[in-house]
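Heads up: the structure comes next, in structure tokens.
Residue numbers (my numbering), protein chains in the order written: chain G, 3 to 154; chain R, 3 to 154.
So this is what it looks like as structure tokens:
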């Protein structure tokens with residue numbers, strides 16, 4: 003990721019793209035724990051202690067199921083979907099706010115007919131995400147609503 | 003401002019309000035250097051190194067003309083207006099991004115017929131804003147486009 007300062011005004015373009023911001027689709031391989039998701043880094047600056055990123059999943063796509071020490075502050079911008087937060091599943095719509103506390107399993111899923119796009123504020127300095135072990139995944143799936151969410 | 007952790011999901015309400023988020027209109031007094039502006043703090047958490055705030059000006063309202071060492075990362079969310087950035091005036095619309103570098107004079111103004119609402123990401127630890135001196139204001143007004151902007 004570049005630490006070049008961004009231009010002072012970057013205009014919004016059709017299809018939730020921004021002038022001067024690279025769109026980075028996540029590369030799907032055999033065991034990729036995500037589907038049809040791309041990232042645009044909107045603010046990453048030496049003088050700002052957080053970054054602001056925009057993530058978008060195509061209809062039916064989902065983010066990685068993960069947890070970490072660092073928090074996320076999320077605002078939905080586009081579409082409809084659900085998020086898993088610990089052992090709760092919640093429907094989300096534009097401009098809803100989601101706080102993801104430290105060490106909380108989380109995943110976002112777009113609805114079948116619509117993309118899901120959201121802003122995510124995160125500390126510039128942060129730890130790497132953890133993926134669930136088999137045992138942790140089994141524990142998550144012991145909650146029927148969570149099992150249904152994870153099954154798509 | 004409270005450092006209570008926010009609920010994990012806070013839904014978006016009509017008129018750009020959020021569940022559980024206090025709307026704080028700035029109190030206008032005789033010499034108030036702003037007009038018709040209110041703030042909602044969307045994320046302020048011990049574990050996040052930035053805050054995310056939503057500012058909204060009613061039609062014809064404006065923010066304080068100020069500068070400071072800390073940066074702002076801004077995304078317009080609602081309405082139309084203009085921003086002053088140093089000696090440039092730019093029109094803004096929803097989802098445009100504005101980067102306000104250190105020590106840059108800046109002010110936002112809503113258009114006459116519409117409110118202007120924007121997200122502002124800022125470091126939790128930051129210096130206090132400075133207001134322009136008479137001489138600095140005169141220097142800003144020496145640029146005709148800036149003078150027109152400041153006159154409303």
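The beta-carbon is built from N, C-alpha and C at its ideal position, and this holds for glycine as well. This one's a predicted model, so the numbers in the text were calculated from it and none came from an experiment.
For residue 11 of chain G, three-class secondary structure by DSSP: Translated into the one-based positions of the first chain, residue 11 of chain G becomes position 9. Three-state result, residue 11 of chain G: strand.
For residue 92 of chain R and residue 44 of chain G, believed in contact at Cβ under 8 Å, the rounded distance: In the first chain, counting from the first residue as 1, residue 44 of chain G sits at position 42. In the second chain, counting from the first residue as 1, residue 92 of chain R sits at position 90. Actually they do not touch by this definition, with Cβ atoms about 17 Å apart.
Determine the chain R residues that contact residue 167 of chain G at a beta-carbon separation under 9 Å, and present them in chain order. Not covered by the structure: residue 167 of chain G. The range shown for chain G is 3 to 154.
Verify the CB distance criterion: does residue 47 of chain R have a CB-CB separation below 8 Å to chain G? For the purposes of this step, residue 47 of chain R is taken as the residue at position 45 of the second chain. Interface residue, yes.
Looking only at its chain, what residues have a beta carbon closer than 7 Å to the beta carbon of residue 60 of chain G, apart from the 5 residues adjacent to it on each side? In the first chain, the residue the question calls residue 60 of chain G occupies position 58. Short of 7 Å from the beta carbon of residue 60 of chain G, and not among the five residues preceding or following it, lie these beta carbons of its own chain, in chain order: 38, 112 and 117.
Drop a sphere of 10 angstroms on the beta-carbon of residue 80 of chain G, count the other beta-carbons inside from all chains shown, and report buried for 16 or more, exposed for fewer. Locating residue 80 of chain G in the first chain gives position 78, counting from the first residue. Result: buried.
Taking 8 Å as the threshold (beta carbon to beta carbon), is residue 141 of chain G in contact with chain R? As a working mapping, residue 141 of chain G is identified with position 139 in the first chain. Chain R contact via Cβ: absent.
What did DSSP end up calling residue 58 of chain R once you bin it into helix, strand or coil? Your numbering for residue 58 of chain R matches position 56 in the second chain. Collapsing the DSSP output to three states places residue 58 of chain R in a strand.
Assuming residue 126 of chain G and residue 53 of chain G make a contact with CB atoms under 8 Å, what is their CB distance in whole Å? Residue mapping note: residue 126 of chain G aligns to position 124 of the first chain, counting from 1. Residue mapping note: residue 53 of chain G aligns to position 51 of the first chain, counting from 1. Right, the Cβ-Cβ distance comes to about 6 Å (below 8 Å), so this counts as a contact.
Between which two residues does the beta strand (DSSP E) holding residue 112 of chain G run? Locating residue 112 of chain G in the first chain gives position 110, counting from the first residue. 108-112 is the extent of the beta strand (DSSP E) around residue 112 of chain G.
Determine the extent of the alpha helix (DSSP H) in which residue 151 of chain R is found, giving its start and end residues. Along the second chain, one-based indexing puts residue 151 of chain R at 149. Counting along the chain, residue 151 of chain R sits inside the alpha helix (DSSP H) bounded by residues 146-153.
Between the Cα of residue 71 of chain R and the Cα atoms of G:48, G:90 and G:57, which residue gives the shortest distance? The residue labelled residue 71 of chain R in the question sits at position 69 within the second chain. Nearest to residue 71 of chain R by alpha-carbon distance, out of G:48, G:90 and G:57, is G:48.
Which residues in chain G sit within 9 Å of residue 87 of chain R, going by Cβ to Cβ distance? Taking the first residue of the second chain as position 1, residue 87 of chain R is located at position 85. Neighbours of residue 87 of chain R in chain G, taken as residues at a C-beta separation under 9 Å, are given in chain order as 10 and 11.
What are the boundary residues of the alpha helix (DSSP H) that residue 142 of chain R is part of? Residue numbering aside, residue 142 of chain R sits at position 140 when the second chain is read from its first letter. That run of the alpha helix (DSSP H) goes 136-143.
Relative to the C-alpha of residue 66 of chain R, which residue among R:29, R:75 and R:82 is closest? As a working note, residue 66 of chain R is residue 64 in the second chain. Nearest of R:29, R:75 and R:82 to residue 66 of chain R, Cα basis: R:29.
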